[in-house]
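Peer 1:
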Amino acid sequence: MSTPNFDQLLDAGCHFGHMKRKWNPAMAPYIFMERNGIHIIDLYKTQAKLEEAAAALRNIAKGGKKILFVATKKQAKEILAEKAQSVGMPYVIERWPGGMLTNFPTIRKAVKKMASIDKMQKDGTFDNLSKREKLQIKRQRDKLEKNLGSIADLNRLPSALFVVDVCKEHIAVAEANRLGIPVFAIVDTNSDPNNVDYVIPANDDASKSIELILGTVCDSISEGLEERKVEKADEKASAENGSDAPRRERRRVARRPEASEAAEAPAAEAPAAE
54 MSTPNFDQLL DAGCHFGHMK RKWNPAMAPY IFMERNGIHI IDLYKTQAKL EEAAAALRNI
114 AKGGKKILFV ATKKQAKEIL AEKAQSVGMP YVIERWPGGM LTNFPTIRKA VKKMASIDKM
174 QKDGTFDNLS KREKLQIKRQ RDKLEKNLGS IADLNRLPSA LFVVDVCKEH IAVAEANRLG
234 IPVFAIVDTN SDPNNVDYVI PANDDASKSI ELILGTVCDS ISEGLEERKV EKADEKASAE
294 NGSDAPRRER RRVARRPEAS EAAEAPAAEA PAAE
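Residues 54 to 327 (our numbering) make up the sequence shown, in order.
(1) Mapping the DSSP letters down to three states, classify ALA129 as helix, strand or coil.
(2) Roughly how far, in whole angstroms, is the beta-carbon of SER262 from the beta-carbon of GLY66, given that I think they are within contact range, below 8 Å?
(3) Taking ALA205 as the reference, which of PHE237, ASN58, ARG231 and ASP171 has the closest Cα?
(4) I need the DSSP call for ARG74, collapsed to helix, strand or coil.
(5) Indicate whether ASP218 and LYS98 have their beta-carbon atoms separated by less than 8 Å.
(6) Which residues in the same chain have their Cβ closer than 8 Å to the Cβ of TRP76, if we skip the five residues on either side of it in sequence?
(7) Candidates ILE113, ASP195 and VAL270: which alpha carbon is nearest MET167's?
(8) Only counting the same chain, and skipping five residues up and downstream in sequence, which positions put a Cβ closer than 8 Å to that of PRO319?
(9) Would you kindly report the start and end of the unbroken alpha helix (DSSP H) that includes MET80?
(10) So LEU201 and ALA163 are in contact, right, with Cβ under 8 Å, and what is the actual spacing, rounded?
(11) Whose C-alpha, out of LEU133, ARG111 and GLU276, is nearest the C-alpha of VAL265?
(12) Per DSSP, what are the beta-bridge partners of LEU214 in this structure?
(13) Should ALA114 and GLY277 be called a contact, given that it needs their Cβ atoms to be closer than 8 Å?
(14) How would you label GLU293, buried or exposed, when you count the other beta carbons within 10 angstroms and need 16 or more for buried?
(15) Are the beta-carbon atoms belonging to VAL252 and ALA229 less than 8 Å from one another?
(16) What runs of the alpha helix (DSSP H), each 4 residues or longer, lie entirely inside the segment 149-181?
(17) Considering Cα atoms alone, identify which of PRO254, ILE160 and THR178 is closest to SER203.
(18) For PRO254 and LEU103, I'd like the C-alpha separation in whole angstroms.
(19) Give the straight-line distance between the Cα atoms of ASN248 and LEU62, rounded to the nearest whole angstrom.
(20) Between the C-alpha atoms of ASP287 and ILE274, what's the straight-line distance to the nearest angstrom?
(21) Between the C-alpha atoms of LYS165 and LEU197, what's the straight-line distance to the nearest angstrom?
(22) Measure the alpha-carbon distance for ASN112 versus ASP176 and round it to whole angstroms.
(23) Which whole-angstrom value describes the C-beta separation of LEU154 and LEU210, a residue pair presumed to lie in contact below a C-beta threshold of 8 Å?
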């Protein structure tokens with residue numbers, strides 16, 4: 054895993070915070086200075102925190118667990134969708150459905166409803182409906198797809214949440230906090246870092262900044278997934294070798310009586326010779 058260096062973070066504009074009058078005092082430890090009324094983020098701290106977060110996410114992915122990515126702001130949603138898809142992780146880029154985490158069984162029911170509509174279309178049940186019913190069901194399916202299609206494979210609560218802009222996604226962060234799900238987030242100078250477990254202090258408005266950080270995080274997750282794949286392959290190979298061992302032992306034991314009989318034969322004949 055390679056963390057972006059200072060110059061790369063600088064070129065991406067990760068250091069630009071918000072205007073001084075909009076700042077959150079809890080972000081003071083991550084602010085380097087103020088310039089022309091704008092807070093400048095300490096990129097050395099950004100680099101260290103990004104490395105720490107990426108390592109933690111790699112371990113989560115290595116354990117075969119899911120990380121839910123959330124970004125509904127215009128400049129982040131397409132980037133986040135692309136990066137999350139590249140590592141096979143669920144994501145939310147439309148409106149956050151209230152109770153997505155705290156009322157997860159209801160969300161799963163909605164996803165199953167989408168699957169049942171798909172089944173109707175495949176088995177021919179859909180063709181027997183009236184034109185009006187078809188239209189209503191199609192509209193319902195499209196709405197479900199838009200809001201929940203990207204989490205269709207999320208069968209259980211995620212093991213972590215990655216958020217771009219904790220102010221905008223405060224409901225998602227609150228739900229994760231309530232359930233004890235670790236929150237990873239890009240946190241700007243106007244946000245509260247106290248509700249975030251892994252703070253990445255950086256500009257959460259510039260698309261270049263968002264892309265650089267998400268790219269680093271997803272590369273790390275990809276490494277974790279690859280390590281998991283290698284470990285599984287090794288376990289499978291060792292299991293297959295282990296299952297051969299009893300067979301080898303049985304063959305060895307089967308041959309042993311013959312060998313012992315051959316060894317004992319001369320000793321048995323010795324007294325007769327005398």
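Just so it is clear, CB atoms sit at the ideal spot from N, CA and C, and this is done for glycine as well.
Peer 2: The answer reads as follows:
(1) ALA129 carries a helical assignment under DSSP once its states are collapsed to helix, strand and coil.
(2) Confirmed, about 5 Å.
(3) Closest option to ALA205, Cα to Cα, is ASP171.
(4) ARG74: helix per DSSP, three-state reduction.
(5) No; because the gap between Cβ atoms is not below 8 Å, this pair is not in contact.
(6) Cβ neighbours of TRP76 beyond the five flanking positions: GLY70, ILE84, HIS92, THR242 and ASN243.
(7) Nearest Cα to MET167 within the set ILE113, ASP195 and VAL270: ASP195.
(8) In this prediction, PRO319 scores a pLDDT of 47, lower than 50, which makes its location untrustworthy; the coordinate-derived value is nonetheless stated afterwards. Excluding sequence neighbours, PRO319 sits near nothing in its chain.
(9) Element bounds for MET80: n/a, residue is neither H nor E.
(10) Approximately 6 Å separates the beta-carbon atoms of LEU201 and ALA163; this is inside 8 Å, confirming the contact.
(11) Per the sequence shown, residue 265 should be read as Leu rather than Val. Ranked by how close their Cα comes to the Cα of LEU265, the residues LEU133, ARG111 and GLU276 have LEU133 in first place.
(12) By DSSP's assignment, LEU214 forms a beta bridge with LEU121 and VAL236.
(13) Yes, the Cβ-Cβ distance between ALA114 and GLY277 is below 8 Å.
(14) By the neighbour-count rule (16 or more Cβ atoms within 10 Å), GLU293 is not buried but exposed.
(15) Taking the C-beta atoms as reference points, ALA229 is found no nearer than 8 Å to VAL252.
(16) Fully enclosed alpha helix (DSSP H) runs of no fewer than 4 residues occupy 157-176 of the segment 149-181, in order along the chain.
(17) The shortest C-alpha separation from SER203 is found at ILE160.
(18) About 8 Å.
(19) Straight-line Cα distance between these residues: approximately 24 Å.
(20) Cα to Cα, ASP287 sits roughly 20 Å from ILE274.
(21) Counting only the Cα atoms, LEU197 lies some 10 Å from LYS165.
(22) Straight-line Cα distance between these residues: approximately 42 Å.
(23) Going by Cβ atoms, the distance from LEU154 to LEU210 rounds to 6 Å, so yes, they are a contact pair.
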